[in-house]
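1 is the number of the first residue of the sequence shown in the UniProt record's numbering; add one for each residue after it.
Don't be surprised by glycine CBs; every beta carbon is placed ideally from N, CA and C.
None of the values given here were measured: they were computed from a predicted structure.
Report on one structure; see the data block that follows.
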Amino acid sequence: MPAHATVKASPDVHPLKRYPRARLIYKRGDDSSQVWDLGNGKLYKFRPHKRGVYESDIHALIQRNTSIPVPTIYREWVSATRGGPVHHMIMQKIEGEPLHKSWARLSRSVKERLVVQLGDYLNQLGRITSPSICCVGGGPLHDEHGFLFYQRDAAHGPFSDDQSFWLALTSHLRRTQSRTIQKALAQLRHIMPPALPAVLTHADLHQGNILVRNGNIAAIIDWEGAGFFPRWMEYVRYYPIDRSPEFEFENAVIRRMRPYPAARKFKMILDTLGSSDRRTVEWGLMELMR
């Protein structure tokens, strides 16, 4: 799939002034991120800028190496404000419905087809690798959802070896005075699964970011948090917390992914050691001894 050449410069006229009838279709609670339908088949989106991260570069990498459908980004730029740099995009509006709104009413055959498609797309992403854990441009990685790192508002890395990644992963725990936690960390380090080579990972692949049309995946959107993460992260992050019908889709997808059970155990124990609840920590210590 050929990549569209994105213009990386601000327009002469701000899109909301050029299209005064634009309609707000999404906003984050603090208004720091908004998406507007310009009414011409395009969307205007702005959000806080993450240094070194341009979504058009991520889309171009995906388009060069996979068959994953992503929106075309026509223009992308960064502006300076008192609150910090703001990232702007004018992009293609993809016609489709978020999967979480349609899943319950889909037929079994359509559900199976969507799961197969997503499984194939995840496998394609897994073939795009990097020798380092980093952003797509090779610089520090942003983990805004806090899945890996304690400080979610900071950039981390890049990491070219497992030891440097481990030190960043556990920096908040290694400061503790607890001998029990320090001993547990030493044991946990021995069961940490290899993270490299890192693979291209969406990092926020929930049903709301999967658009469906006519029984197929029309697009996967919101790649702003994507980067080269540990090869096991998507599996561990995607693993459902239980087997209830609410997680029917996640359970079906996980069966099509390469399993990393050791990584799942490792991450689960690591998370419990950082808990403020004593019983949770004790449970993690017991799991570590198994």
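Closest in alpha carbon position to Gly-284, among Leu-188, Gly-227 and Pro-11, is Leu-188. The count of Cβ pairs closer than 8 angstroms, one atom from the stretch 107-116 and one from the stretch 220-230, stays below three, leaving the stretches out of contact.
Its chain contains Trp-232, Tyr-260, Ala-262, Ala-263 and Phe-266 as the residues whose beta carbon lies nearer than 7 angstroms to that of Pro-193, once the 5 sequence neighbours on both sides are disregarded; these appear in chain order. Around the C-beta of Thr-6, 16 or more other C-beta atoms lie within 10 Å, and the residue is accordingly described as buried. When beta bridges are read from the DSSP output, Trp-77 appears opposite His-88.
In the DSSP assignment, Arg-189 forms no beta bridge with any residue. Under DSSP, Asp-37 forms a beta bridge with Arg-23 and Leu-43. Beta-bridge annotation (DSSP): Leu-200 is paired with Phe-228.
The Cβ-Cβ distance between Leu-61 and Ile-128 falls below 8 angstroms.
Fewer than three beta-carbon pairs drawn from the stretch 42-52 and the stretch 210-218 are found closer than 8 angstroms, and the two stretches are therefore not classed as touching. Membership of Val-236 in any beta strand (DSSP E) is not indicated; the residue belongs instead to the alpha helix (DSSP H) covering 233-238.
Residue pairing for Pro-48: DSSP places it in a beta bridge opposite Val-86. In the structure shown, Phe-165 falls within a helical segment according to DSSP collapsed to helix, strand and coil. About 5 angstroms separates the beta carbons of Val-35 and Lys-45, which is inside the 8 angstroms limit, making them a contact pair. In terms of Cβ geometry, Phe-165 and Val-199 do not form a close pair [threshold 8 angstroms]. Put simply, the backbone Cα of Asn-40 is about 34 angstroms away from that of Asn-123. Apart from sequence neighbours up to five positions away, the residues of its chain that approach Ile-68 with a beta-carbon distance below 8 angstroms are Ile-62, Tyr-121, Gln-124, Leu-125 and Ile-220, ordered along the chain.
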